[in-house]
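For reference, the structure discussed in these notes is given below.
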Amino acid sequence: MVGFSIAFDAHDAYYVPVAHDYEGAPVQLNRETLLAQIKPILENEQIKKIGHHLKYDAHIFANHGITIQGWYFDTMLASYVLNAAATRHGMDDVARVYLSHLTTTFEQIAGKGAKQKTFNQIEIETAAHYAAEDAHVTYRLFEVLDAKLQKHPELVNILHNVEMPVARVLTIMEENGIELDLGFLDQLGVEFANTMANLENQITELAGQSFNVSSPKQVGEILFDKLGIAGGKKTASGQYATPESVLEKIEHPLAATVLEYRGLSKLKSTYTDRLIEQADPATRRVHTSYHQAITATGRLSSSDPNLQNIPIRGEQGRLIRQAFIAPEGRVLLAADYSQIELRLMAHFSQDPALLQAFKEGRDIHQATAAEVLGIALDQVTPDQRRQAKAINFGLLYGMSSFGLSKQLKLSRSESQDYINRYFQRYPAVLDYMERTRAQAAAQGYVSTVLGRRLYTNDINAKNAQIRQAAERAAINAPLQGSAADIIKLAMIAVQRILPHDQAKMLLQVHDELVFEVDTAIADALSDTLKQVMAQVVDLDVPLIVDVGRGRDWDSAH
4 MVGFSIAFDA
14 HDAYYVPVAH
24 DYEGAPVQLN
34 RETLLAQIKP
44 ILENEQIKKI
54 GHHLKYDAHI
64 FANHGITIQG
74 WYFDTMLASY
84 VLNAAATRHG
94 MDDVARVYLS
104 HLTTTFEQIA
114 GKGAKQKTFN
124 QIEIETAAHY
134 AAEDAHVTYR
144 LFEVLDAKLQ
154 KHPELVNILH
164 NVEMPVARVL
174 TIMEENGIEL
184 DLGFLDQLGV
194 EFANTMANLE
204 NQITELAGQS
214 FNVSSPKQVG
224 EILFDKLGIA
234 GGKKTASGQY
244 ATPESVLEKI
254 EHPLAATVLE
264 YRGLSKLKST
274 YTDRLIEQAD
284 PATRRVHTSY
294 HQAITATGRL
304 SSSDPNLQNI
314 PIRGEQGRLI
324 RQAFIAPEGR
334 VLLAADYSQI
344 ELRLMAHFSQ
354 DPALLQAFKE
364 GRDIHQATAA
374 EVLGIALDQV
384 TPDQRRQAKA
394 INFGLLYGMS
404 SFGLSKQLKL
414 SRSESQDYIN
424 RYFQRYPAVL
434 DYMERTRAQA
444 AAQGYVSTVL
454 GRRLYTNDIN
464 AKNAQIRQAA
474 ERAAINAPLQ
484 GSAADIIKLA
494 MIAVQRILPH
504 DQAKMLLQVH
514 DELVFEVDTA
524 IADALSDTLK
534 QVMAQVVDLD
544 VPLIVDVGRG
554 RDWDSAH
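Everything in the sequence shown is counted per the numbering used here, starting at 4 for the first residue and increasing by one.
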């Protein structure tokens, strides 16, 4: 901490320097003495704190032994709750949109690139203006955003009873981190490198020459020029486009092998190599950063490392999950909402057949197959269940007959026939989709189960492709957004009941929470988690929570 700025109203702001050390810097207040003075104020629950991205400030103060209490209003989260799509939610953007104010940027006072100064090297007069402006702007944003939110009680509720408490929970989770088996990761990296070398040899053999497999340009030239494979399309720069979607359509072993190589290369660079660098060498724990104000639907995202994108279906992705472990005497618990978006579809659509299937605890994909095909439950084959599962999840994301035919290897007419029969059996689902599409077009947003507004900016676009994509997103948004609301409510509820000396919440990934708990209480806590998480919201279908346990994340999942 080089200094801190504070404002008590929208008129004046102050900067308190403590660690500027450029040549000729004046003597400043002693940092430890100062922190001892402000600690009772910051830790007083009765004194309300307003900030922009309070979680960040909380981490900085925690490093100095101060736990901020009395979190009252976060202007970053308020902007996000008010309209996630209106702007990005960094202070500069929010000030520009809501105050018509252009803030001083860090680059303006510190310079750019290799010559950029760190804050301790900036003259106090310059630093004071820059830092005090942040506090001043935050207070003004609080007044403006609070007034806007007060017109919508459901949004006030989401800010104060969902997002603000979640920010506090995330602060704790980020500080907890999760332990890694660094030896296992190292070994995995070596195995990936060996497999990649073998794949490279295969690729050279299939292509009839060696080339740089990591170069999309060279991959395109080999496939479409040398081997003469049809379907090559050039980009504006004149080189062939070779993304995954293009390579998957090519029925040549070279394309499949390049895809496999790319997948391993990404896992190695993003996870096996990077996780070892990101782990704290003393504790072997890695501390992800969670972001609350990025996605359009209210879902959390994470970075450094991004734990939301570890592939779960592939064998290699599961191997990476095995590197996340519990320390001696503890196990990992993974608590996962079962089929939450399908349950929300039943709740929102009020389709009698879907509601009935969930209330009776039936296998929903088996029940769908039986309904659509007009056969008894016990006559449904595994293949028929797989087809029903594809349509159940596909419809959540607005899948067309073309998309379904590609996934199930059926003809377009067979896929369309399946979709038609589905809607005959579940007519209220079709009603929900039409109703949501119309609502989005009329008011420009759709709502989650808590009333969070998800704006659909392109819903009335003149370009049909853009408009249809916005319509598909609008149909899915209340489901995905409600699932996000529910997992956040679960995090708040669970954090309240965790025995903190024996259990820690570590991760939130999609519809899952991961905990590290003493082995002795694992069974009892599993039962408690199932109950608490299932009761955070009242839906017209039961919420079911599956809890797995293991020494590593993969076996717990």
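From the three backbone atoms N, C-alpha and C, an ideal C-beta is built for every residue, glycine too.
Buried or exposed (CB count within 10 angstroms, at least 16 for buried), residue i
| i | result |
| --- | --- |
| Y133 | buried |
| L347 | buried |
| Y25 | exposed |
| E48 | exposed |
| A296 | buried |
| V497 | buried |
| Y264 | buried |
| L511 | Reading off the sequence, residue 511 comes out as Gln, not Leu. That one is buried. |
| A391 | buried |
| N215 | exposed |
| A2 | Any question about residue 2 goes unanswered here, given that the chain covers just 4 to 560. |
| L30 | Strictly speaking, residue 30 in this sequence is Val, with Leu absent from that position. So V30 ends up on the exposed side. |
| H503 | exposed |
| D530 | exposed |
| S485 | buried |
| R302 | buried |
| L257 | buried |
| A61 | buried |
| G377 | exposed |
| I63 | exposed |
| T459 | buried |
| I44 | exposed |
| Y425 | buried |
| K58 | buried |
| D557 | buried |
| K507 | buried |
| S8 | buried |
Residue(s) in a DSSP beta bridge with residue i
| i | result |
| --- | --- |
| G54 | D77 |
| S292 | S306 |
| S8 | Y18 |
| D521 | R333 |
| L457 | V449 |
| V548 | Y340 |
| D555 | I328 |
beta-carbon residue i near the ligand SAM non-hydrogen atom, thresh 7 Å
| i | result |
| --- | --- |
| R440 | Of the ligands one can find in the structure shown there are none, so the ligand SAM has no counterpart to examine. |
Rounded distance between the beta-carbons of residue j and residue i, thought under 8 Å
| i | j | result |
| --- | --- | --- |
| Q387 | A372 | 4 Å |
| Y429 | A356 | 6 Å |
| L144 | A98 | 7 Å |
| F361 | P545 | 7 Å |
| I500 | G401 | That pair is no contact at about 38 Å. |
| D366 | V432 | That pair is no contact at about 18 Å. |
| Q311 | H513 | 7 Å |
| I192 | D276 | One detail in the question is off: residue 192 reads as Gly in this sequence, not Ile. Sure, about 6 Å apart at Cβ, within 8 Å. |
| V140 | T106 | 6 Å |
| I328 | D526 | Actually they do not touch by this definition, with Cβ atoms about 20 Å apart. |
| A130 | G27 | Actually they do not touch by this definition, with Cβ atoms about 14 Å apart. |
is_contact[residue i, chain C] using C-beta, thresh 8 Å
| i | result |
| --- | --- |
| T451 | Going by chain labels, chain C is absent from the structure shown, which holds only one protein chain. |
Alpha helix (DSSP H) runs contained entirely in the stretch 111-159, provided each spans 4 or more residues: 127-152
Would you mind listing the alpha helix (DSSP H) stretches within the stretch 462-517 that are 4+ residues and don't spill past its ends, in chain order? Entirely contained in the stretch 462-517, the alpha helix (DSSP H) runs reaching 4 residues are, in chain order, 467-500.
The stretch 332-350 touching the stretch 506-520, judged by at least three CB pairs closer than 8 Å: yes
What residue ranges within the stretch 229-288 form continuous alpha helix (DSSP H) runs of no fewer than 4 residues, ordered along the chain? Runs found: 247-250, 256-270, 276-281.
At 4 residues or longer, and completely inside the stretch 368-420: list those alpha helix (DSSP H) runs for me, N to C. 385-399, 404-411
4 or more residues per run - each alpha helix (DSSP H) lying fully within the stretch 165-236: Runs of the alpha helix (DSSP H) inside the stretch 165-236: 167-179, 185-210, 219-223.
Kindly confirm or deny that the stretch 153-164 and the stretch 448-468 touch, where touching means at least three C-beta pairs closer than 8 Å. yes
Cβ contact (3+ pairs, closer than 8 Å) linking the stretch 48-64 and the stretch 26-35: Counting Cβ pairs under 8 Å, fewer than three are found: no touch.
How about the stretch 5-19 and the stretch 127-146: do they share at least three Cβ pairs that are nearer than 8 Å? Judged by Cβ distances under 8 Å, the stretch 5-19 makes contact with the stretch 127-146, as three or more pairs qualify.
Within 8 Å, do at least three Cβ pairs link the stretch 266-276 to the stretch 192-203? Three or more pairs of CB atoms, one per stretch, sit closer than 8 Å, so the stretch 192-203 contacts the stretch 266-276.
Could you check whether the stretch 288-306 touches the stretch 170-185, counting it as contact only if at least three pairs of C-beta atoms, one from each stretch, sit closer than 8 Å? yes
Does the stretch 390-409 come into contact with the stretch 303-319, if we say contact requires no fewer than three beta-carbon pairs (one atom in each stretch) closer than 8 Å? no
Could you tell me whether the stretch 490-506 touches the stretch 114-129, where touching means 3 or more Cβ pairs closer than 8 Å? Taking 8 Å as the limit for Cβ pairs, the verdict is that the stretch 114-129 does not touch the stretch 490-506.
Tell me whether the stretch 158-177 and the stretch 62-74 touch, counting them as touching only if at least three CB pairs, one residue from each stretch, are closer than 8 Å. yes
Please confirm if the stretch 247-257 is in contact with the stretch 222-235, defined as three or more CB-CB distances below 8 Å between the two stretches. yes
Taking three-plus beta-carbon pairs below 8 Å as touching, is the stretch 160-167 in contact with the stretch 103-117? For the pair of segments examined, the stretch 160-167 was found not to touch the stretch 103-117: the number of CB pairs separated by less than 8 Å stays below three.
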